[in-house]
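Enquirer: Chains as they are written, first to last, in the working numbering: chain A, 1 to 89; chain B, 1 to 452.
Every residue, glycine too, gets a C-beta built ideally from N, C-alpha and C.
Here is the structure:
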């Protein structure tokens with residue numbers, strides 16, 4: 001199972017480091033990162049393997065959302081199935 | 001493999017275009033609760049609902065969190081209570097309404113539907129007793145919704161029942177006069193009612209349904225509206241394709257959520273209701289879709305044609321995305337729950353006459369329409385009879401959810417708040433159909449050959 005983590009907001013030092021740390025702490029293995037900064041606006045999409053997650057996925061979603069709140073960012077983790085279902089037959 | 005554009009499209013639909021799952025509704029059969037003893041019946045109903053749906057809200061919340069798609073309502077529908085209550089007295093039926101309300105409160109769900117009667121051909125004592133206390137049931141409870149099916153294409157139109165409904169609606173509005181007559185907003189009069197509809201106020205668990213079932217209603221007018229705006233000046237064949245593709249994507253999300261909910265709750269999956277259900281939020285409007293298709297205002301000439309195309313394309317796109325489709329499936333056009341419809345009424349572009357015509361080509365019918373509080377009972381009966389006749393003759397579901405807002409007149413506004421929204425009072429033709437209605441009896445079922 002994979003999760004798509006999206007991070008958007010004002011650019012600052014350590015965004016990737018902090019998000020990656022939460023992933024590492026909770027056992028989510030990062031598979032891919034797409035990231036861009038457009039006039040101080042930071043946008044990142046991360047694909048992570050969540051098979052070995054140490055906590056329930058819903059809790060992982062909350063943890064990342066809380067990190068986003070602390071850093072003034074919008075962080076959402078969503079199960080990949082919603083994208084697969086919508087875009088692939 | 002996922003690509004960035006797909007991910008961004010989905011996220012945009014959810015965060016900017018109000019894509020949501022409108023409801024996960026668990027249908028629960030109450031046939032095995034039947035008992036001669038009133039208190040025992042109520043206890044069994046309470047126990048069954050609270051046991052079967054114990055994890056409904058939590059499961060809904062978890063799915064919402066994991067997939068990142070809002071699930072706005074978690075609801076329960078039950079077997080039409082008139083079939084379970086048998087020969088209970090009116091007071092007994094009222095007691096069941098309170099029991100349903102208590103169960104809904106315990107579960108933390110948004111609504112419970114099924115305080116209902118099916119009287120398309122005639123009325124049992126139970127149905128009559130239930131209908132007689134609908135106003136009190138809606139006034140004294142918070143979560144209970146009620147519906148009455150008064151006609152079907154096979155049975156014709158039960159005009160005696162319609163006569164009763166005008167009175168019932170007015171009384172429901174009167175008893176909740178301190179709260180914008182909201183009682184009438186929780187009561188629907190149907191023709192050809194579907195038995196697996198997850199939407200309120202008309203949801204109930206039909207007689208051919210399993211013990212328990214999960215039905216899901218999708219939404220997403222905002223997504224369709226934005227897709228049409230992006231499509232630019234294409235012709236209507238292309239536009240129909242755009243709507244179909246969008247409806248497909250929306251419905252796939254519904255199918256995913258329904259499948260997950262059914263699996264986690266260990267309850268069979270019933271149907272997806274392919275509906276465009278608006279909310280009063282800006283951008284989440286069916287009227288806006290019609291306006292993006294090229295109408296100056298919803299309600300102008302061309303509205304019925306545009307709506308017919310929209311309704312058809314939504315079904316065509318959605319059908320392939322789901323394994324089972326049912327319920328009301330189509331575009332909803334409630335007045336108070338749709339910011340674009342409200343605006344069209346306010347600017348005088350959308351009248352009752354046009355609204356009635358629109359209901360002939362789309363899902364449901366005259367929905368969340370606020371009319372003057374002093375409207376004559378016979379006028380409401382006539383309004384119901386017309387709408388029901390459209391459904392019966394065209395072999396489709398139609399419904400009336402009309403609110404004669406107590407003390408309000410044309411020019412006033414009623415504000416229900418939340419998803420029920422607000423609405424200006426709409427003007428009705430006040431010439432009287434009283435003599436026609438007073439004849440009672442049944443309008444025979446229509447013939448299905450010699451179609452003209």
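Tell me, which residues are paired with residue 106 (chain B) by DSSP?
Expert: Here residue 106 (chain B) refers to the residue found at position 106 when the second chain is read from its first residue. The partner list for residue 106 (chain B) (beta bridge, DSSP) is empty, contrary to what the question assumes.
Enquirer: Please name the residues in the stretch 45-60 of chain A whose beta-carbon is closer than 8 Å to at least one beta-carbon of chain B, in chain order.
Expert: Result list: 45, 47, 57 and 58.
Enquirer: At a CB-CB cut-off below 8 Å, which residues of chain B make contact with residue 83 (chain A)?
Expert: For this step, residue 83 (chain A) is matched to residue 83 along the first chain. Neighbours of residue 83 (chain A) on chain B, chain order: 2, 6, 7 and 10.
Enquirer: Evaluate the contact criterion for the stretch 166-176 of chain B versus the stretch 67-79 of chain B: three or more CB pairs, one atom per stretch, below 8 Å.
Expert: The stretch 166-176 of chain B, when compared against the stretch 67-79 of chain B, does not touch it at the 8 Å Cβ threshold.
Enquirer: Assuming residue 49 (chain A) is part of the beta strand (DSSP E), what are its boundary residues?
Expert: What you label residue 49 (chain A) is simply residue 49 of the first chain in a count that begins at 1. Per DSSP, residue 49 (chain A) belongs to the beta strand (DSSP E) from 41-49.
Enquirer: Output needed in chain order: residues of the stretch 69-80 of chain B with a Cβ under 7 Å from some Cβ in chain A.
Expert: Correct list: 69.
Enquirer: With a cut-off of 9 Å, does the C-beta of residue 77 (chain A) fall near any C-beta of chain B?
Expert: In the first chain, residue 77 (chain A) corresponds to position 77, counting from 1. It does: the Cβ of residue 77 (chain A) has a partner Cβ on chain B nearer than 9 Å.
Enquirer: Give every residue of the same chain whose Cβ lies closer than 6 Å to the Cβ of residue 299 (chain B), excluding the five residues on either side of it in the sequence, and list them in chain order.
Expert: Walking along the second chain from the start, residue 299 (chain B) turns up at place 299. So the list reads 344, 349, 350 and 354, once near-sequence residues are dropped.
Enquirer: List, from N- to C-terminal side, the alpha helix (DSSP H) runs of 4 residues or more that fit wholly inside the stretch 21-105 of chain B.
Expert: Listed in chain order, the complete alpha helix (DSSP H) runs (minimum 4 residues) inside the stretch 21-105 of chain B are 38-52, 56-67 and 81-85.
Enquirer: Using a beta-carbon distance cut-off of less than 8 Å, what residues from the stretch 249-266 of chain B approach chain A?
Expert: So the list reads 249, 252, 253, 255 and 256, given in the order they occur along the chain.
Enquirer: What is the DSSP secondary structure of residue 329 (chain B), reduced to helix, strand or coil?
Expert: The sequence position of residue 329 (chain B) within the second chain is 329, counting from 1. It is coil, neither helix nor strand.
Enquirer: Cutting at 7 Å between CB atoms, please list the residues of its own chain near residue 22 (chain A), excluding the five before and the five after it.
Expert: Here the question's residue 22 (chain A) lines up with position 22 in the first chain. Around residue 22 (chain A): 63, 64 and 67.
Enquirer: Taking 9 Å as the threshold (C-beta atoms), are residue 42 (chain A) and residue 3 (chain A) in contact?
Expert: Here residue 3 (chain A) is taken as the residue at index 3 of the first chain, counted from 1. Here residue 42 (chain A) is taken as the residue at index 42 of the first chain, counted from 1. Going by C-beta atoms, residue 3 (chain A) is not nearer than 9 Å to residue 42 (chain A).
Enquirer: Residues of chain A with a CB under 8 Å from the CB of residue 67 (chain B): which are they?
Expert: Numbered from 1 along the second chain, position 67 holds the residue referred to as residue 67 (chain B). Those are 78, 79, 81 and 82, listed as they occur along chain A.
Enquirer: Roughly how many whole angstroms lie between the Cα atoms of residue 308 (chain B) and residue 314 (chain B)?
Expert: Counting from one through the second chain, the residue named residue 308 (chain B) turns up at place 308. Counting from one through the second chain, the residue named residue 314 (chain B) turns up at place 314. If I take the Cα positions, the gap works out to 10 Å.
Enquirer: Given that a residue counts as buried once 16 or more other Cβ atoms are within 10 Å of its Cβ, and exposed if not, what is residue 406 (chain B)?
Expert: Stepping through the second chain from its first residue, residue 406 (chain B) is reached at position 406. Per the 10 Å Cβ criterion, buried.
Enquirer: Could you tell me whether the Cβ atoms of residue 45 (chain B) and residue 72 (chain B) are closer together than 9 Å?
Expert: Looking up residue 45 (chain B) in the second chain gives position 45. Looking up residue 72 (chain B) in the second chain gives position 72. Their beta carbons are not under 9 Å apart, which means residue 45 (chain B) does not touch residue 72 (chain B) by this criterion.
Enquirer: Determine the direct distance from the alpha carbon of residue 374 (chain B) to that of residue 261 (chain B), and round the result to whole angstroms.
Expert: Here the question's residue 261 (chain B) lines up with position 261 in the second chain. Here the question's residue 374 (chain B) lines up with position 374 in the second chain. Distance between the alpha carbons of residue 261 (chain B) and residue 374 (chain B): 45 Å.
Enquirer: If you follow the beta strand (DSSP E) that residue 370 (chain B) is part of, which residue opens it and which one closes it?
Expert: For the purposes of this step, residue 370 (chain B) is identified with residue 370 of the second chain, where counting begins at 1. Taken as a continuous stretch (DSSP letters only), the beta strand (DSSP E) holding residue 370 (chain B) covers 366-372.
Enquirer: Counting only runs that start and end within the stretch 14-39 of chain A, where is the alpha helix (DSSP H) found for 4 or more residues in a row?
Expert: Those alpha helix (DSSP H) runs which fall completely within the stretch 14-39 of chain A and span 4+ residues are 15-26.
Enquirer: What distance in whole Å lies between the Cβ atoms of residue 82 (chain B) and residue 122 (chain B), which are believed to be in contact at a cut-off of 8 Å?
Expert: Position 122 of the second chain, counted from the start, is the residue given in the question as residue 122 (chain B). Position 82 of the second chain, counted from the start, is the residue given in the question as residue 82 (chain B). Between residue 82 (chain B) and residue 122 (chain B) the Cβ distance is about 12 Å, and since that is not below 8 Å, they are no contact.
Enquirer: Name the chain A residues whose beta carbon is nearer than 9 Å to that of residue 62 (chain B)?
Expert: One-based indexing of the second chain puts residue 62 (chain B) at position 62. 56, 57 and 58, listed in chain order.
Enquirer: Between the C-alpha atoms of residue 209 (chain B) and residue 52 (chain A), what's the straight-line distance to the nearest angstrom?
Expert: Within the second chain, the letter at position 209 stands for residue 209 (chain B). Within the first chain, the letter at position 52 stands for residue 52 (chain A). Each residue's alpha carbon lies about 40 Å from the other.
Enquirer: Along the chain, where does the alpha helix (DSSP H) that runs through residue 259 (chain B) open and close?
Expert: Within the second chain, residue 259 (chain B) is the residue found at index 259, counting from 1. That run of the alpha helix (DSSP H) goes 236-265.
Enquirer: Per the contact definition of three or more C-beta pairs closer than 8 Å, is the stretch 134-144 of chain B in contact with the stretch 356-374 of chain B?
Expert: The answer is no - the stretch 134-144 of chain B does not touch the stretch 356-374 of chain B, with fewer than three Cβ pairs under 8 Å.
Enquirer: Measuring only between beta-carbons, confirm whether residue 70 (chain A) sits less than 9 Å from chain B.
Expert: Start at 1 with the first residue of the first chain, and residue 70 (chain A) comes out as number 70. No, residue 70 (chain A) does not count as interfacial toward chain B.
Enquirer: Can you confirm whether the stretch 67-87 of chain A touches the stretch 87-105 of chain B when touching is taken to mean that 3 or more C-beta pairs between the two stretches lie within less than 8 Å?
Expert: Taking 8 Å as the limit for Cβ pairs, the verdict is that the stretch 67-87 of chain A does not touch the stretch 87-105 of chain B.
Enquirer: List the residues of chain B that residue 63 (chain A) touches, going by C-beta distances under 9 Å, in chain order.
Expert: On the first chain, residue 63 (chain A) is found 63 positions in, with the first residue counted as 1. The premise fails here: residue 63 (chain A) is roughly 12 Å from chain B at the closest Cβ pair, so nothing lies under 9 Å.
Enquirer: Who are the Cβ neighbours of residue 155 (chain B) in its own chain at under 7 Å, not counting the five residues just before and after it?
Expert: Counting from 1 along the second chain, the entry for residue 155 (chain B) is found at position 155. Excluding sequence neighbours, residue 155 (chain B) sits near 120, 121 and 445.
Enquirer: Which whole runs of the beta strand (DSSP E) in the stretch 380-410 of chain B are 3 residues long or more, in chain order?
Expert: Entirely contained in the stretch 380-410 of chain B, the beta strand (DSSP E) runs reaching 3 residues are, in chain order, 398-405.
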